[in-house]
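All remarks here apply to the structure that follows.
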Amino acid sequence: MSKRITYDDGKGGYQTKVLVKSALIYLALIALTLMCLIPIWILVVNATRAHTDIISKVSLIPSTHLFDNMRTLKENKLYNTFFNPLRGMLNSLIIAGGCCALTVFFSGLTAYGLVVYDFKLKGPAFVFILAVMMVPTQVTAVGFMNLLIKMKLLDSYIPLIVPSIAAPAIVFFMRQYMLSSFPLDIIEAARIDGSNEFRTFLTISIPMMKPAFAVQAIFAFIQKWNDYYTQSIVLVSGKKNQLTMPMMVQKVISIDRSPDSGANYTAIFLSIIPVVVIYVVLSKFIIGGVAAGGVKE
Amino acid sequence: MATTAQSRIKSVSYAKYGYIFILPFFIVYSIFSLWPLIQTFILAFHSNGARTDLDFVGLENFKTILATPAENDFKAMGIHETFWRYMKNTVIIWVGNFIPQIALSLLLAVWFTDLRVKMPGKGFFKVVMYMPNIITAASVAGLFLSLFGDSSYSVINMLRGCSDPAKNVEPLKIISSVWGARILVMFIQVWMWFGNTMIMLMSGIQGINESLFEAAEIDGANSRQTFWKITFPLLKTIMVYTLLTSMIGGLQMFDIPFMLHTGNVINENIATVAVFVYQMFHANFAKPSFGYSAAASVILFIITSILGALVFWVQRDKDAMEKAKKRRQAIKEAKRRAKGGGFTI
Amino acid sequence: MNKLKKSLALIATLAIASTAFYACGDDSSTSTPADSSSSEASSEESSEESSEEASSEEASDESSEESAADIKFEETGDQLSILCWTPDDVTKMIENFEDKNPDYKGKCNYVNVGSKGQEAREQYSNYFAGGEDADLFVLEADWILEYINNDEYTAPLSDLGFTDADFSGCYPYTVSIGTDNKGVLKAASWQATPGAYVYRTDLAEEYLGAKTPEEMQTFVDSWDKFTETAATVLEKSGGKCAMADTLGGMWQVWQYNRANAWAKDDKLVIDDYCKEYAELAKNYWDKGYVTKESQWDDKGWYPIGQDGSTMGYFFCTWCLGEGSMLSNAEGGEGGATYGKYNITAGPSDWAWGGSWLAVSPNCDNGQLAHDFVKYFTVDEKSMEDYALFKGEFVNNPTVMKKIVDDKSNSNKLLGGQDQFSVLYESASKIDMDGKITAYDAQIKDAFNNAVTKYVKGEVASYDDMITEFKKNAATIEGLTVE
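Residue numbers (this note's numbering), protein chains in the order written: chain A, 94 to 390; chain B, 1319 to 1663; chain C, 141 to 622.
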């Protein structure tokens, strides 16, 4: 009953309470924001500082050595024999972009097949996709490695890109999306107009599925961009012109003769720029996408 | 006219298109995922120490990994203990990151969806909190190594004055201490994933009928009551789902535990089962231990399958129906209470 | 297409050139067209080669096959690719080599594989499988046997036209390490790697009153003395200055002095030496005689060389050149301790690592590869040149003796001191015969891992440490542990 009394105190008390609460929540949110940003901020700051400053003092104020550090990365043989940010970004872009395109297209196609048509194996096919959705990459890694050796596909981008044609989780997501928001009548109408099945998919279905495609595309892109594990299994010999951004960063942090922390920070900094930019530009989509997907990778 | 066209269309069988459309998926999946999976199972029953010409050894690899080894069999002891140590790490790190993560995410999700708290800048906070999730794990590992490294010259130790020998401050050895490293990995995992979990939970909360919250508010329920009486019970399903997917994700944890060390030797206090799988087939190029690696993968697969089955059990239709029923009941209840005008406890 | 054209052109040039030489007579047969203008081969060398060639020539009637009989690789590549995990050595070598052989300018190429030796060890085989150009590659003592015992990865040096006699001038231990289990010479080293103790002159004078390396040596000439001195230094510095840089550094000194190999007949050998080292390490760690930084951790290992946390480092030959570890420890040119170090022999003779050049069976620049290997491992004149150029302790006692006697070397990092005069003595004592095994890299990791745990108190006793070590080592495929 005491609760009742507080409520009856009147609008003023309630308002103050809400205000105090909001303020406290705000404080907590700011603290969390700082927790998220400070490590990244230190990275950015240290990327602009010289080695000697970095190892003598912690600072939160950017300095002026960013270009010196970049020059070190470019000119020092310790780095430039494998660290080439433009090349790394291009390679990552090829892999992530290729995966992204294949994933959304073929997942859309598969989901379309499962939703639009009736066929005998439809049920079993869907159950199969559900069942394999949860198989961890690591479980198949040994067999995958073995397969690559046999097929002579090590050090090739094929096993990095082509497998993304089959992405069970994304098929599942697209299927759910189609079931809930795709009007099947439209297909019927297209058939009457004489459109063939594949064209119907391309010209009618894809435009209608745009939101789902966009969200999954962004996710697939970021996930593949960051997928160090598979890349390290496939690109075993680490050839310079094949290295991806995460692999270059991994190499930078494991050089054991590097005297220059500034250059190391700058390398990490350069590696996160593309994803952060993509993220900030498309953040609305992404946040919406996580909410819609509800599936953690 | 239309009816004849329609009937003509109906008489055409489109079943073959169904097969054609799903064919690419199944072909590629079979080659790059299913075949490797089968290969992994086959390798799990074969010997170690070579790339080709492996002997069939039955359950030997599983025995070595799982069973208590003989007194002086150092090899079995080594493999057995490494596997279990890594398994223990996996569980500890997962539990240690999941509990704070879900608590924090839930709290935030509730705040962000609380109708009463008017919050400008909500979007900004969400964007920032999700940000750590998009950064490459290699970069995150490198960053945290330089922040919390063992050296006197890592950020944390410099703040404590270790970089000045005159002060003679012993550096904190977080990475090489057992719990220091584990807690750091837990922290990194929370740091990377709480934004993601928060947004998922938010979508769950937003899925709850808004009139429920409105009714509760009219009733004068305070935030705590709203949370425990409405949000939490209705969120149970999605919470269980989050729990299980996170468990499966936790079993796969690889990047951070693998990269968070200096020097050649992987940090055995934070190495996970996924690291074991990788180490076994990578340690020696000419003589990889495919057998142990594959056997560990199969064990991982079995655990995952059980957890996966649980996910589907929780997500099954019956449950959804029950949920809908509960929701309807809750609304009715709330309306009844709203009419009654009292919120008695 | 392009490659084909180039190789066709090359073959044509070769054919024309060789007919020209045929016309000139036999004496020019040692020089192939590529290096004819810049050959620096010693006369001793060339006579040996030409006699060999002369004998093989009898078998073949076409003179254009001369070099082919000598060097068993095709000349189809346009770049000599040299694989290594660090550019430190190879880029300097290329610079020096191309400088002295202008014809080869721009033809030698450093290729990075892995970012440390351990990674290169894993990645070389994969790199070869990928079919990328690979002519020469660098191997480390700890895992050289894995490669040279495998004909799939390494070709005998005789395929490059070398005989065992060519390497008679090298330190014998480098030759025995480069020889495979069938007795075939597969790899040659350009360096010998004796180590010493490199210390801060200012601190030595302040804490110990030692003014010269000779005086300093009296404080560190045995491990007992070293320990004693460590106690003095620690006390005088108020607890801030450790005598040894890292456990890793001490380990390098100790591991060399093992009487036995790590494995005998594929069985792990644990001897008293393990105990001695573990106890010493623990003592040093507990008392603060060694810093708690890790070797190779760039965030800690180098700064201690400038801020007075350590009296000095255990460094070997390849740590002392420009841009190397010592330079980093001094903070580079203009650094806090630049040039303030001196070198002295230290408590015992030891050697650290070392790198070997091996030739890939897929080598496609036989002549260039031959010339490169010869320049750094056989030819005394060019080796002397390189020793002074890089500050390298080259793999030839005669050359090193000459440099020491000529006093032609002075190291800026050591305040002008000649490190070779100190290292020359211990270099001749290096004897690794039968002491290296194919398991060394992994066994050492396992051992050091166990010692670290012991030192930090994570395992209670020495016996527990050994059990821990055995369990770790037992997971190495092919090694038996009892």
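For glycine and all other residues, C-beta sits at the position ideal for the given N, C-alpha and C.
Nearest C-alpha to Lys610(C) among Tyr293(C), Tyr417(C), Ser434(C) and Ile410(C): Ile410(C).
With a cutoff of 8 Å on beta-carbon distance, Ile1584(B) and Phe1576(B) are scored as near each other. When DSSP states are grouped into helix, strand and coil, Leu220(C) belongs to the strand group. Residues of the stretch 1336-1351 of chain B that bring their beta carbon within less than 9 Å of a beta carbon in chain A comprise Gly1336, Tyr1337, Ile1338, Phe1339, Ile1340, Leu1341, Pro1342, Phe1343, Phe1344, Ile1345, Val1346, Tyr1347, Ser1348, Ile1349, Phe1350 and Ser1351, in sequence order. Pairing Leu277(A) with Phe291(A), the inter-Cα distance amounts to about 15 Å.
In the three-state reduction of the DSSP assignment, Cys503(C) falls in the coil class, being assigned neither a helical nor a strand state.
If you check the CB distance, Ser1541(B) and Asp1432(B) come in under 8 Å. Under the three-state reduction of DSSP, Tyr453(C) is assigned to strand. Taking 8 Å as the threshold, the shortest C-beta distance from Trp1412(B) to chain A does not fall below it. With contacts defined as CB atoms closer than 8 Å, Gly556(C) and Ser550(C) qualify as a contacting pair. A Cβ-Cβ contact shorter than 8 Å links Ser1469(B) with Gly440(C). In this structure, Ser434(C) lies near Gly388(C), with their beta-carbon atoms less than 8 Å apart.
Taking a contact as a CB-CB distance under 8 Å, the pair Ser522(C) and Lys240(C) counts as one, their CB atoms being some 7 Å apart. Here the stretch 221-232 of chain C makes no contact with the stretch 300-316 of chain C; the two share fewer than three CB pairs at distances below 8 Å. Interface residue (Cβ-Cβ distance to chain B less than 8 Å): Met338(A) is classified as such. Here Val374(A) is exposed. Its C-beta has fewer than 16 other C-beta atoms within 10 Å. Around the beta-carbon of Gly1522(B), 16 or more other beta-carbon atoms lie within 10 Å, marking it buried. Contact annotation for Asp1573(B) against chain A: Tyr321 and Tyr322 [CB-CB distance below 7 Å, chain order]. Each of Gly217(C), Asn249(C) and Val278(C) was checked against the Cα of Gln331(C), and the nearest Cα belongs to Val278(C). A distance of 8 Å or more separates the beta carbons of Asn1451(B) and Gly1525(B).
A direct Cα-Cα distance of roughly 59 Å separates Ser273(A) from Ser149(A). By the Cβ-count criterion, Val513(C) is buried, with 16 or more other Cβ atoms from all chains shown falling within 10 Å of its own Cβ.
The residue from Met128(A), Ser185(A) and Ala121(A) with its alpha-carbon nearest to that of Gln324(A) is Ser185(A). Counting only the Cα atoms, Tyr264(C) lies some 35 Å from Ile543(C). Distance from the Cα of Glu1399(B) is smallest, within the candidate group Val1409(B), Ile1410(B), Thr1544(B) and Pro1387(B), for Pro1387(B).
Under DSSP, Glu215(C) shares a beta bridge with Asn505(C). According to the DSSP assignment, Tyr1448(B) belongs to no beta strand (DSSP E) but to the alpha helix (DSSP H) extending over Lys1440 to Tyr1448.
The C-beta distance from Tyr1347(B) to Tyr210(A) rounds to 19 Å, too long to fall under 8 Å, and the pair is not in contact. Spatial neighbours of Thr484(C) in its own chain (CB-CB distance under 6 Å, excluding positions within 5 residues in sequence) are listed in chain order as Tyr337, Pro353, Met356 and Gln357. In the same chain as Thr1544(B), and ignoring 5 residues on each side of it, the C-beta atoms closer than 6 Å to its own belong to Ala1534, in chain order.
Within a 10 Å sphere around the beta-carbon of Ile576(C) sit 16 or more other beta-carbons, which makes this residue buried.
Under DSSP, Tyr481(C) shares a beta bridge with Arg340(C). Identification of chain C residues near Tyr1448(B) by a Cβ-Cβ cut-off of 7 Å yields none; the smallest Cβ-Cβ distance measures about 30 Å.
In this structure, Val228(A) is the residue among Val228(A), Val308(A) and Val111(A) with its C-alpha nearest to the C-alpha of Ile1356(B). Of the other Cβ atoms in all chains shown, fewer than 16 fall within 10 Å of the Cβ of Ala399(C); this residue is therefore exposed. Under the DSSP definition of a beta bridge, Cys248(C) partners with Leu220(C).
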